[in-house]
Each structure stands twice: as C-alpha cells, then as structure tokens.
Amino acid sequence: MTSMTSTPPTPLTTGPVAGSPDAAPAPGGVTFDGVVKRYGGQTVLDVARLDVPHRSFTVVVGPSGCGKSTGLRVVAGLETPDSGRVRIGGTDVTDTPPGRRGVSMVFQDFALYPHLTVEQNIAFGLRLEAKHNRRAGPDKAEIAQRVTDACAMLGLAELRRRRPSQLSGGERQRVGLARAIVRRPRVLLLDEPLSALDAQLRQHARAELVRLHRELGNTVILVTHDQLEALSMGTNLVVMNAGRVAQTGVPADVYQRPADTFVATFVGSPTMNLHDVEPRPHPAGGELVGPGIRAVVAGAGLPRRVRLGWRAGDGVLETPTGVSPASERPTDEAPTGPGLTLEGLIDVVEFTGESTVIHCVGPAGGWRASVGSGVAVPAVGERVRLRVEPDKLHLFDTATGLRLADPAGPVAEPVPSLGGVRPDGV
Amino acid sequence: MPGHDRRPRATAAAVTRHAVLILTVFGMLFPMLWALSASFKPGSDVYGASPLPMPATLENYRYALGEFPVARLLLNTFVTAAGVTVLHLAAGLLAAWSFVRFAHRGQRVVLGLVTVALVVPPQALIIPHFLMVARLGQRDTFVGLIVPQLATCALAVLLLREHIRAIPPTLIGAATLDGATHAETLRRVVLPLLRGALGAVAIVVFITTWNEYLWPVLVAPSPEHTTIQVGLQMFETQEGPEHGPLLAAAMLATMPVVAVYFLASRRIADAFLQSGLR
Amino acid sequence: MFTGVLSLLEWDLTSPDRSFVGLDNYRRLAEEPEFPHALTRTGLYVLAMLPFATVVPMALAVMLWKRPGRASDTYRSLLFLPVVLAPVATALAWRFILDPLGGVVNLTLGGLGLPEQDWLGDPDTALWAISLITAGKFVALNMLLYGAALASLDGRALDAARVDGATEWEITRHLVVPQLTGTTVLMSFLCVVFAGQWTFTNIAVLTQGGPDNSTDNAYLRLYTYAFVFFDAGTGAAAAVAIVVLLTVLFAVSAPLRRRHARP
Numbered sequence: 004m005t006s007m008t009s010t011p012p013t014p015l016t017t018g019p020v021a022g023s024p025d026a027a028p029a030p031g032g033v034t035f036d037g038v039v040k041r042y043g044g045q046t047v048l049d050v051a052r053l054d055v056p057h058r059s060f061t062v063v064v065g066p067s068g069c070g071k072s073t074g075l076r077v078v079a080g081l082e083t084p085d086s087g088r089v090r091i092g093g094t095d096v097t098d099t100p101p102g103r104r105g106v107s108m109v110f111q112d113f114a115l116y117p118h119l120t121v122e123q124n125i126a127f128g129l130r131l132e133a134k135h136n137r138r139a140g141p142d143k144a145e146i147a148q149r150v151t152d153a154c155a156m157l158g159l160a161e162l163r164r165r166r167p168s169q170l171s172g173g174e175r176q177r178v179g180l181a182r183a184i185v186r187r188p189r190v191l192l193l194d195e196p197l198s199a200l201d202a203q204l205r206q207h208a209r210a211e212l213v214r215l216h217r218e219l220g221n222t223v224i225l226v227t228h229d230q231l232e233a234l235s236m237g238t239n240l241v242v243m244n245a246g247r248v249a250q251t252g253v254p255a256d257v258y259q260r261p262a263d264t265f266v267a268t269f270v271g272s273p274t275m276n277l278h279d280v281e282p283r284p285h286p287a288g289g290e291l292v293g294p295g296i297r298a299v300v301a302g303a304g305l306p307r308r309v310r311l312g313w314r315a316g317d318g319v320l321e322t323p324t325g326v327s328p329a330s331e332r333p334t335d336e337a338p339t340g341p342g343l344t345l346e347g348l349i350d351v352v353e354f355t356g357e358s359t360v361i362h363c364v365g366p367a368g369g370w371r372a373s374v375g376s377g378v379a380v381p382a383v384g385e386r387v388r389l390r391v392e393p394d395k396l397h398l399f400d401t402a403t404g405l406r407l408a409d410p411a412g413p414v415a416e417p418v419p420s421l422g423g424v425r426p427d428g429v
Numbered sequence: 033m034p035g036h037d038r039r040p041r042a043t044a045a046a047v048t049r050h051a052v053l054i055l056t057v058f059g060m061l062f063p064m065l066w067a068l069s070a071s072f073k074p075g076s077d078v079y080g081a082s083p084l085p086m087p088a089t090l091e092n093y094r095y096a097l098g099e100f101p102v103a104r105l106l107l108n109t110f111v112t113a114a115g116v117t118v119l120h121l122a123a124g125l126l127a128a129w130s131f132v133r134f135a136h137r138g139q140r141v142v143l144g145l146v147t148v149a150l151v152v153p154p155q156a157l158i159i160p161h162f163l164m165v166a167r168l169g170q171r172d173t174f175v176g177l178i179v180p181q182l183a184t185c186a187l188a189v190l191l192l193r194e195h196i197r198a199i200p201p202t203l204i205g206a207a208t209l210d211g212a213t214h215a216e217t218l219r220r221v222v223l224p225l226l227r228g229a230l231g232a233v234a235i236v237v238f239i240t241t242w243n244e245y246l247w248p249v250l251v252a253p254s255p256e257h258t259t260i261q262v263g264l265q266m267f268e269t270q271e272g273p274e275h276g277p278l279l280a281a282a283m284l285a286t287m288p289v290v291a292v293y294f295l296a297s298r299r300i301a302d303a304f305l306q307s308g309l310r
Numbered sequence: 045m046f047t048g049v050l051s052l053l054e055w056d057l058t059s060p061d062r063s064f065v066g067l068d069n070y071r072r073l074a075e076e077p078e079f080p081h082a083l084t085r086t087g088l089y090v091l092a093m094l095p096f097a098t099v100v101p102m103a104l105a106v107m108l109w110k111r112p113g114r115a116s117d118t119y120r121s122l123l124f125l126p127v128v129l130a131p132v133a134t135a136l137a138w139r140f141i142l143d144p145l146g147g148v149v150n151l152t153l154g155g156l157g158l159p160e161q162d163w164l165g166d167p168d169t170a171l172w173a174i175s176l177i178t179a180g181k182f183v184a185l186n187m188l189l190y191g192a193a194l195a196s197l198d199g200r201a202l203d204a205a206r207v208d209g210a211t212e213w214e215i216t217r218h219l220v221v222p223q224l225t226g227t228t229v230l231m232s233f234l235c236v237v238f239a240g241q242w243t244f245t246n247i248a249v250l251t252q253g254g255p256d257n258s259t260d261n262a263y264l265r266l267y268t269y270a271f272v273f274f275d276a277g278t279g280a281a282a283a284v285a286i287v288v289l290l291t292v293l294f295a296v297s298a299p300l301r302r303r304h305a306r307p
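So the sequences go chain by chain: A, B and C.
Everything in the first sequence is counted per my numbering, starting at 4 for the first residue and increasing by one.
Everything in the second sequence is counted per my numbering, starting at 33 for the first residue and increasing by one.
Everything in the third sequence is counted per my numbering, starting at 45 for the first residue and increasing by one.
Structure below.
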C-alpha cells in the first residue's frame, strides 16, 4: 500500500483556503448550542453545548444509536436540527446549505460515485464550484493542480483512471479522503471511515489519518463506535450516550477520570469492573464494604450507596500459591491497608497476546483482571485474591451514576470538560 | 446437459426433456413460423401445405410496400413508440426522484394510488382519454396518439423508484456536500446510475407501444398517423382479404421487434422480468 | 374519476347535449343480458387460461432451472418470444392457419381423416380457440416469473435434501413446488386481471365477439357500448363495474396473497 509517508508534505497545508485570503485555514471551531434533533417523536440528539476546538482532531464516540452520526450530519448540513444553532468558525451556519459551509465529509461506505473515475470523483466538487461561480471559482488548471496534489498526498497517482469498483477497500477510503480534502475544508468530517477496512489496514489507516490532520492543520471530527480509535487518534474526545454528550476532554483524562459509569464502562477495554458497595466510617476516610469486597478510601461524605470501579489492568493478583506480580503473600486475615481487596474463583482465562484476561466469579459477582504476558497465569478453578491501590479506584454515585470525589487524594479537581455534563459531587 | 450421464435412464430422461421443450417451442411459435413461411409463397400458393416456401418470392412484400402505405405505417409506429418511451422515461424519472428525494407524509397515499393505477385496465381509461383528446381537437394527431399513453407510466415510476432507493443515501449526501443542486445531483449522479433501469423501462415501453392496438384504432385511424398494428386491417376492408400481402405486412409489423429481441434477448427478458416483478 | 362521472350520464360522445340519468346506466348494464353474459364469458376465459398461467409455465420453468446451460438459455429465449410478438400479427397468423377452407390445421386434420372444424366460426369452439391463442403470452411471461422465483430459492436446503437421499422428483414435488405457491397465487391473480385485457386484441381482430356473442368479454363489451353504440355513459358504467369487481377481488384475495407472499 502506497502511503503518504513517502510523500513530502505538499503546499496544501499552507496554501490559501477556498474563500479565504488567509494563509492559514479559516477558523474551523464547531459549536453546538442547544441542538435538538427528533425523528418521529424520538429525540436522537440533544446537545446543550458542545465546543469542538479549532484545529483539533476530535473523536466522537458512543454506542450505535447514540446520535453521534446524526450530530456529524447536522454539522455537514445534511440534517437540519429541530432547534438550536450550529456555528462553524464563529459563524452561524444553521441555515447555510451543505455545499457552502466549508465542510467536507468521508462517509462510512465512502460514497464514491461508481460511474466516475478516481480523478473525476475527486474533481466533482471543484467542477461544480467552477460552474456555479465562474468568477471566483477554480479554473481548469487550478482544478487539475489540486486534484494532482490530493492524489499525491494520498498515494493515488497510479490509480487516477480507475473506477471505484476496481479499487480495494483501503484505496477507496483514500479516494474518499482525497475527494474531501481537495476542497480544502475548514472542517473535515469522518463518519466511521475505518469500519469498512479489515483489521490490519485499519491500524495503518489510523496513523495515516493522524498524520493527514497534522499536515492539513484544519479541524477534523471523526465519529466512531470503536473505543480504541477513540482513545488513540484524537486530541479531543467526545463521549456520547442516548443523544447527549456524556463527557468531553483529552482522551487520557477521559480514560483516567470517567465522568460517569457509562463513560467508565464504554471507554477502555476490557471494560471497567463495577461493584455496588456500602460506605462505613473509617479513620482513614471511609470503608466500602460489599459481599466479598472491602476497600478503604480517603474520601469523606459519601452517599448511602456507592458504585466502586477499577480497571482490569490496575489490579494486582494474589493466588494461594504465591504467584503475584506484587510478591505479596496472600493471607487469610482481611487486609487492612488502603485500597481494594477482592476475592474470586477463576472461571475463564483469555490469552490475547500481550496480556491475559482472567474472568473471575466471587461473592462480589463477576469481574475481570488483566495480567501482563510475563506473569504465570493461574489455572481455571483456582481461588485468587486481588488488590487495587486507592489511587486506581473510581467512585460513582449509584443513584446518579456520576463520579464522586477521587478516592486517593483529599479533594479531586474537576474533570476537564469543554462542555456537556459536568460531574457532580466533586 | 445430456451426455454427461452415462446411465441409460438419465439419457432417456434427457431425451424426453428435450422432446417436450422442443414440442412446446414449436407449438407456441408454429402459427408465426407458418405465416412467415407463407408470406414468401407466391400468391397462388399461399395456402399450400408445403412447410417451406418453394419457390420463395418477395412478391408479397413488394406488393404490401408498394400498394399499401406500409412504410409510412411503420414510420408512424416508430415515432409513436419512441415518443411514448421518451415521455415515460422523463415522467417516470422525475416522479420517482421526487418520491425518493422529497419524501413527505402524503407519500404513502400517492404511492398507493400509483400502485392501484397499475392494475386499472387500460380499457377502462380509454373513454375519458378519448373524450379529452377529442375535446382538445387532437384526434388523428401524433399528440393525441402519444400523450394519453403516458397514463400507463405508473410502472416506470415504481420501477425507477425502487432503483433510486437502491442508491446509497450517502452518495446523494456526498453530492450535496460537494455543492450539487437537486438538478445536478439528479443529472450527474442519479441518472448515470440508473442507466440499466432506464434501459429496461425503455425496452418494455417501446415494445408495448409498438404492439398497442386499441388506442391507435380509436384515436388515429387514418393512415397518416395510425400504427402498423391498426393498418393491417386495411388489407381486408379495402381490398378483401389479400392473404399474401397481409401476411407479409404482419411480418413487417412484428419482425423489427423480434430482430431486436434476438440481438439482446437476455436483456429484454430481464427488462420484462424486472417490470413484471416490480 | 372522470369515468365515474360519465357513467352517470347519457351521452353519445360527440353531441353537446348530455343529461344526468343517475344510476340508469348501471341498471341497464345489470338488466340487459349483454353485460352479465360478457362477464360470464370473461370468467370462462380466465378458467381456460388458468393452467397456462400456472401449471404449464411452472413445469417449463422447473425443467429449464434443473439443467442450466446453453440449451436451456436458448429454450428460454425462444419460449419468451410470444411476449414481444405483436398481438395483431399473432392473431392474423392464427387466423391464417385456422382458416376453415385452406388453413394448415384443417388440411392436416383432413389428411389424418379427422373432422375439420371452423374453429373461430363455431360458437362451441371459438372461445377456446381465442383462449389458446392468448395463452401463449401467459406461458411465456409467467415462465420467466417462475424462473425468477426459482432463482431465489435457497439451494442449500435442496442440497440438504439431496444429502438426505431424496430423489430429484421428490425434491421437486415436496420442496420446490410448495415454495412456488406464492408465485402461483400471484400468477392466478394476474391471470384474472389480464385474461380479459389480453384476449381483447385477439377477439377484436378475429371474431369481434361473435359468433353469437360467444367470444364476448367484459372489455369488448365496454368498448362496444362506447365506440360502436356511441353510448359513453353505459361504456363508462361498464368500466367502473370492471374496476370495482377487480378491486373487490383484489381485497378479498389479499389475505391469501399475504399468506403466500414470498419473504
């Protein structure tokens, strides 16, 4: 596969943007203000406020039907919101037709025109622009130059005369990208652009997209349901659930401090373990107790019911035979130190290559722990005990699902958020 | 295929199968073949029992083309069929496109009406059509002959609608984002993708109109405008039954379509299949 | 719609005077013998052609489907020809071979020592002759539609039966034919709708409804009222009656068609 790694950055990055005399891309921040979209009485999108920063690579993630694709189509102008305003670069575009918003889009199925060649596909929008706007639109030479540049950038030079049916999935994706960037959009919208590719290609394409964003320097919004893409690609992450924004922030922050139980379980794999526990007073702050589970945390003023979470990779495993990365010996007496202690029987062992995921059952219900590949794996049926350090624990209010004070420190700072729902109780 | 199987029972079955099929083909086409053969027989021998025209002569064809306006009738038929076909395609395309693109609440009702229109027999429509054409003074004109035949375009609408719906919506979205207007999307994206379906509609409409008998006989009975199907009647009413030339003209009335059919039988059968299944 | 209004008028199509006669036209249709007679004859046409719309094309389609290949493709394209052949030309060809005096059919029958017949001139045979002539088009088109239904059958289920030791005949009888029931119901319905329409041209060219009105049908009757007797009102009433009858039939048969609708 030819990749743009072999191609030096083209003047596209610094060249003038259509409709703008500036050297840098026009402001491309996207703002949603009270945007609501309903289909037949059902609200599919309800975003009070969302800011996508200019020049960011923003990944919107959520389960299918959460409204993320609808949101993207609202930005594109393919859907009109029932209420609310959409701004691009500070300008209200809610009533601007799609072709005049300075946005372009790569569709999930790439939506290449099957009757046109690769270069005709890429030039389609420019040719229309030239026809609609004879004075300011691009002339023939400019169209040819821009199509050539876009092809070079995406390694399509050899494929210019082919038709979409003669291309592989990865090649089609790159044609879709070329068609989108040739118009020099302020905002590039990507609707699950990697889901049609096979696994190997997908990894490569992820890196290419990140590099492309760096070279173009415009705003990119990518919609995906793949939480790996969500964490790895963007500079800014938006998690959506049931039409609403659940959390926004830098991917690492969202991963480390999920705002609620939905984000906690949706982002990260294997998904976060959650247990319902009851708080009791403790000299160190609070003691959280449930069947087969006990934790000591620093926080105070906990609600009556608390949901305790920990990530599979944050647990330290102890077995009766003493196999443990932390070399702590299991004892029969209850541990007293801060942090979480949990017991269970090993039910299923999943080897994934770089690590091993252990599914356990115990009085606290089912839970999963992930062990590095260097660690000897206990056998199925063995009893294990697991410890999690207090700074790796997450506390949520059982009633609201929202994140509580950080269990490790005395006070947690607010979750970085550019809008949407702010976690309460901090 | 026979011959692959060496077992005698299978061979017998294959022979039976071919015999049945050949007899059926023969039975269904016999009248046409016999008439075709007879049309080459000299006048005195038209009713002769010989299956092949011996001696063969073009006398009947020469007579039909010379003494009767058969050439003119064929031209009329072609003009009518082509006109109806073009109108069907245009109306069908626009209607189907607006069904898909501008979906609205009343759509189901309109669509239901179009479907009903498919089952209404054309004979039930001829009276009002005839009256309208007569009122507008378009009797015995190509306009009167062609335009009312547009009434049967429900088939084209429904068929094209199916095909437009099969176009991925993202493709229309891509064109919209590329700045295309409705008309441009229709002309530059939808139309090229519908080539196959439009071809199918054109084939079915052209053949059906070519073969249409009832409407031309009513509305345009004069040789200046009427079609060959109606014109065949002239051979009887004017001169008494002149069988040789009549058969020759009948062959001329159907052979153009048959010739085209043999050039693209697969495509034409598929076209009828698509429209038949709708 | 206009037809509906017309059916309430008495009007000779051309003169400016027309009068509202209410349901008189319908009463005339029901009371005078012609229209009920025409409806009965239409029913006979349907019955006569039903096998040619269902069993015959189904058998042909299955035969061709079982052994795909060049030979089957050729048979298929030849068998489809009646659909594209001009009905008037076909009718004339039939009249030519059925000619009571010199037609090849009677010559052959005579040669074999069998009784000759005036097939189209005898009230006892004319309707069947017209049906047979029209049947070719049904066989041709429906064979194609059955072929499409067969092409969409799940071949794996048939392979499973073969593995279970079923013979080809058993597979046809117990697996293929039952799965074609939906198509057969549809074909029967189409036969009812189109029997009258498709015979129309043949009747108009060959017998004009005669002899003794034996080959009349509802559509020809409607045409006769309107354009032979110039009685637009009664013609329109006949048209409305036909559409209403078909609609009722359509509605009544809906559950049957739905039950056998292909998924």
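From the three backbone atoms N, C-alpha and C, an ideal C-beta is built for every residue, glycine too.
Cutting at 6 Å between CB atoms, please list the residues of its own chain near residue i, excluding the five before and the five after it.
{"i": "B/Tyr95", "result": "Pro277"}
{"i": "C/Trp163", "result": "Leu142, Thr169 and Ala173"}
{"i": "A/Arg182", "result": "Asn124 and Ile125"}
{"i": "A/Ser9", "result": "Interpretation of A/Ser9 is limited by its pLDDT of 41, a score under 50 that renders its predicted location unreliable; the figure taken from the coordinates is listed afterwards. Once the five neighbours on either side are set aside, A/Ser9 has no close Cβ partner at all."}
{"i": "A/Val223", "result": "Phe60, Leu191 and His216"}
{"i": "A/Leu197", "result": "Arg205 and Ala208"}
Residue i to residue j, Cα distance in whole Å?
{"i": "A/Pro117", "j": "B/Ala123", "result": "25 Å"}
{"i": "A/Ala249", "j": "B/Pro153", "result": "59 Å"}
{"i": "B/Trp247", "j": "B/His161", "result": "9 Å"}
{"i": "B/His214", "j": "B/Phe131", "result": "13 Å"}
{"i": "C/Ala135", "j": "C/Trp109", "result": "31 Å"}
{"i": "C/Lys181", "j": "C/Val127", "result": "5 Å"}
{"i": "C/Asp198", "j": "C/Ala205", "result": "12 Å"}
{"i": "C/Pro80", "j": "C/Tyr70", "result": "12 Å"}
{"i": "A/Gly375", "j": "A/Val38", "result": "45 Å"}
{"i": "A/Gly172", "j": "A/Asp49", "result": "34 Å"}
{"i": "A/Glu281", "j": "A/Asp194", "result": "43 Å"}
{"i": "A/Gly318", "j": "A/Pro366", "result": "17 Å"}
So, with DSSP's three-state summary, where would you put residue i?
{"i": "B/Asn92", "result": "helix"}
{"i": "A/Glu353", "result": "strand"}
{"i": "C/Ser232", "result": "helix"}
{"i": "B/Thr217", "result": "helix"}
{"i": "C/Leu219", "result": "helix"}
{"i": "B/Ile235", "result": "helix"}
{"i": "A/Pro333", "result": "Its pLDDT being 44, under 50, A/Pro333 is placed unreliably by the model, and nothing is read from it."}
With respect to the beta strand (DSSP E) encompassing residue i, which residues constitute its N-terminal and C-terminal limits?
{"i": "A/Gly87", "result": "Ser86 to Ile91"}
{"i": "A/Thr222", "result": "Thr222 to Thr227"}
Taking the alpha helix (DSSP H) that residue i falls in, what are its first and last residues?
{"i": "A/Leu159", "result": "It is not in any alpha helix (DSSP H) - A/Leu159 carries neither H nor E in the DSSP assignment."}
{"i": "B/Ile178", "result": "Phe174 to Ile178"}
{"i": "B/Thr202", "result": "Pro201 to Leu209"}
{"i": "C/Arg302", "result": "Ala276 to Arg303"}
{"i": "B/Leu125", "result": "Val102 to Arg133"}
{"i": "C/Val207", "result": "Gly199 to Val207"}
{"i": "A/Gly44", "result": "No alpha helix (DSSP H) contains A/Gly44, which DSSP labels as neither H nor E."}
Can you give me the Cβ contacts of residue i inside the same chain, cut-off strictly under 8 Å, excluding the 5 residues immediately before and after it?
{"i": "B/Glu216", "result": "Ala207"}
* Residues within the segment 246-267 of chain C neighbouring chain B, beta-carbon criterion of under 8 Å -> Ala248, Val249, Tyr263, Leu266 and Tyr267
| message | For the segment 74-92 of chain A, list every residue whose C-beta sits within 8 Å of some C-beta in chain B, in sequence order. | response | Arg76, Ala79, Gly80 and Leu81
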